[in-house]
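Undergrad: Shown below is the structure under consideration.
Residue numbers (the numbering used here): 49 to 577.
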């Protein structure tokens with residue numbers, strides 16, 4: 049039994065140091081000393097227990113308190129108030145458990161505590177019960193702190209100004225327990241005193257933990273207020289930044305299919321914001337979109353498309369479309385969509401900012417007409433073609449690049465004349481423009497007898513085959529002078545974007561290799577890759 053008692057006392061000290069470590073700042077360099085002091089404390093406590101006949105119980109309590117106070121102040125860092133509170137919690141708990149056990153035993157046996165202490169066997173038995181209870185309590189505390197309360201106790205311990213009331217309360221309760229223990233030296237059975245001591249001891253612990261709970265609630269309230277205040281400030285700043293640059297801003301929860309918030313500074317379009325987002329797009333936002341742009345707008349602003357874009361590694365893309373103000377009159381709008389998957393909050397958010405770029409488009413049109421066109425054919429020049437395609441590829445994952453290389457064109461220049469060769473180039477340009485007249489197509493001359501066509505929309509392979517055959521049929525022309533005839537045809541190579549992020553260089557290389565294969569097949573044909 050002695051070995052068990054010794055082990056329980058040692059375990060209590062180890063648990064006490066573990067609990068304090070999770071509340072105060074632990075000094076790693078002194079960690080080994082905790083175990084040494086736990087051994088010393090255990091021997092000291094055991095000696096005090098066996099000296100109960102000769103030593104008053106209040107002296108044992110006082111020595112226990114002084115030892116823990118010195119050890120906590122030395123082994124741990126932190127504010128002095130916090131350290132004193134933590135140092136006194138072990139003596140308070142043990143004194144309450146011990147004196148309550150003695151009081152209960154005194155009431156049951158109708159004996160004074162002085163008589164119980166005088167009987168060393170009885171006293172040691174009661175001490176064993178007290179230590180077992182204290183061990184169970186400490187184990188429960190340790191588990192709760194490790195699993196649930198570690199963070200909160202650290203936060204509370206950092207609020208030293210708020211812990212002052214707890215500090216005063218702990219000092220008062222400790223003083224009351226200490227003074228009460230002086231009464232145990234009187235050999236007089238007092239039922240009312242013992243009963244009152246039990247009740248007040250339980251109330252004392254309840255008051256201490258109630259204070260901690262109130263402080264915790266205050267701290268949580270402060271954190272909540274700070275969080276809400278910070279979120280409001282961020283939200284307001286967020287709105288101001290976006291609205292400063294945009295006419296309309298919408299935040300959409302893709303999982304819930306709802307609009308979280310919106311700001312619309314354009315009264316021309318009174319949208320129905322109460323609809324689910326998917327219906328808002330189809331039944332409200334797209335109503336004023338120019339009919340040629342409407343399908344693209346609905347597709348690119350759909351929840352499915354946003355999620356697909358994000359899964360392909362793109363978190364921002366833009367759409368340019370026209371809004372019809374009244375029949376025959378429209379304005380250009382640029383919608384920038386930022387897609388963000390908030391893993392912690394299980395949210396998939398998209399912020400859409402819409403800005404009127406009509407003036408920008410008009411300026412671009414004037415400038416582009418001067419610098420972007422090939423003077424000879426009127427098609428986009430090489431530099432402009434590359435820029436337009438590169439810009440598109442930054443935020444899109446569909447499309448197709450077609451390279452058209454005229455076969456036998458050199459023979460037209462060499463065998464007939466350069467003027468006929470010039471006419472052949474212009475005629476091929478007109479035919480390509482005729483075939484690819486949509487505003488979603490980019491048609492450019494790369495120099496000499498090479499042309500490029502870029503189709504922005506998603507296109508099926510069968511449709512591409514029809515387009516390539518149409519190019520071949522239109523280009524297939526025989527030029528002649530006197531008895532000399534030269535047939536000009538087209539070797540065509542197509543590179544398809546297969547729902548992937550791809551650079552212009554990689555896409556061009558794909559189409560260029562396809563042209564090479566067409567040449568190897570004997571020219572006047574097409575290859576799709």
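All C-beta atoms in this analysis are idealised placements derived from N, C-alpha and C, irrespective of residue type, glycine included.
Among the residues of its own chain, which have a CB less than 7 Å from the CB of residue 571, if the five just before and after it don't count?
TA: Cβ neighbours of residue 571 beyond the five flanking positions: 455, 537, 539.
Undergrad: Should residue 117 and residue 135 be called a contact, given that it needs their Cβ atoms to be closer than 8 Å?
TA: yes
Undergrad: Which residue marks the beginning of the beta strand (DSSP E) containing residue 397, and which one marks its end?
TA: 395-404
Undergrad: Helix, strand or coil for residue 257? Go by DSSP, reduced to three states.
TA: helix
Undergrad: With a threshold of 16 other CB atoms inside 10 Å of the CB of residue 438, please say whether the residue is buried or exposed.
TA: exposed
Undergrad: Going by DSSP, name the residue or residues bridged to residue 385.
TA: For residue 385, the beta-bridge partners assigned by DSSP are 365, 400.
Undergrad: Determine contact between the segment 489-508 and the segment 463-479, defined as no fewer than three beta-carbon pairs at a distance below 8 Å.
TA: Taking a cut-off of 8 Å for Cβ pairs, the segment 489-508 and the segment 463-479 touch, as three or more such pairs fall below it.
Undergrad: Run through DSSP, which three-state label would residue 374 get?
TA: Looking at residue 374 - three-state DSSP - the assignment turns out to be strand.
Undergrad: On the three-pair Cβ rule with 8 Å, is the segment 509-526 touching the segment 546-561?
TA: no
Undergrad: Between the beta-carbon of residue 364 and the beta-carbon of residue 385, is there less than 8 Å?
TA: Yes, these two residues count as a Cβ contact at 8 Å.
Undergrad: Buried or exposed for residue 339, please, with buried defined as at least 16 other CB atoms from any protein chain shown within 10 angstroms of its CB.
TA: Residue 339 comes out exposed.
Undergrad: Measuring alpha carbon to alpha carbon, tell me which residue in 574, 237, 459 is nearest residue 156.
TA: Of 574, 237, 459, the residue nearest in Cα terms is 237.
Undergrad: So which of 528, 221, 141 has the shortest CA-CA distance to residue 468?
TA: 528
Undergrad: Roughly how many angstroms lie between the CA atoms of residue 280 and residue 401, to the nearest whole one?
TA: For residue 280 and residue 401, the distance between alpha carbons rounds to 20 Å.
Undergrad: Can you tell me which of the three DSSP states residue 338 falls into?
TA: Of the three classes helix, strand and coil, the one that applies to residue 338 here is coil, per DSSP.
Undergrad: For the segment 164-174 against the segment 240-260, are there 3 or more C-beta pairs whose distance is under 8 Å?
TA: no
Undergrad: Exposed or buried, what is residue 235 when buried is set at 16 or more other beta-carbons lying within 10 Å of its beta-carbon?
TA: exposed
Undergrad: Just list the residues that DSSP pairs residue 495 with in beta bridges.
TA: 498
Undergrad: Excluding the 5 residues flanking residue 392 on each side, which residues of the same chain have their C-beta closer than 8 Å to its C-beta?
TA: For residue 392, the pLDDT reaches just 45, beneath the cut-off of 50, and the residue's location in the model is therefore unreliable, although a value from the coordinates is still provided. For residue 392, where only same-chain residues beyond five positions count, there are no Cβ hits under 8 Å.
Undergrad: What runs of the beta strand (DSSP E), each 3 residues or longer, lie entirely inside the segment 475-558?
TA: 489-495, 498-503, 525-529, 532-546
Undergrad: Who does residue 447 pair with in a DSSP beta bridge?
TA: 545
Undergrad: Beta-carbon within less than 6 Å of residue 104's beta-carbon, same chain only, minus the 5 sequence neighbours each way: which residues are those?
TA: 233
Undergrad: Rounded to the nearest angstrom, what separates residue 126 and residue 358 at their Cα positions?
TA: 47 Å
Undergrad: Leaving out five residues before and five after residue 159 in sequence, what residues of the same chain have Cβ atoms less than 7 Å from its Cβ?
TA: The answer, listed in chain order, is 237.
Undergrad: Residue 370: which of 362, 383, 361 sits nearest, CA to CA?
TA: 383
Undergrad: Could you round the C-beta distance between residue 477 and residue 425 to whole angstroms and report it? I think they count as a contact, below 8 Å.
TA: 4 Å
Undergrad: Can you find at least 3 beta carbon pairs, one from the segment 477-493 and one from the segment 433-448, that sit closer than 8 Å?
TA: yes
Undergrad: Is the beta carbon of residue 133 closer than 8 Å to that of residue 218?
TA: yes
Undergrad: Can you give me the C-alpha to C-alpha distance between residue 212 and residue 320, rounded to a whole angstrom?
TA: 56 Å
Undergrad: Short of 6 Å in beta carbon distance, which residues of its chain neighbour residue 88, apart from the five on each side in sequence? Order them along the chain.
TA: none
Undergrad: Exposed or buried, what is residue 348 when buried is set at 16 or more other beta-carbons lying within 10 Å of its beta-carbon?
TA: buried
Undergrad: Please report the residue range of the beta strand (DSSP E) in which residue 296 lies.
TA: 296-301
Undergrad: Leaving aside the five residues before and after residue 344 along the sequence, list all residues of the same chain whose C-beta is less than 6 Å from its C-beta, in chain order.
TA: none
Undergrad: From 191, 152, 162, 62, pick the residue whose C-alpha is nearest to that of residue 177; which is it?
TA: 152
Undergrad: Can you tell me which residues form a DSSP beta bridge with residue 309?
TA: 299
Undergrad: Taking 7 Å as the limit between beta carbons, can you name the residues of its chain near residue 457, skipping five residues before and five after?
TA: 469, 472, 497, 536
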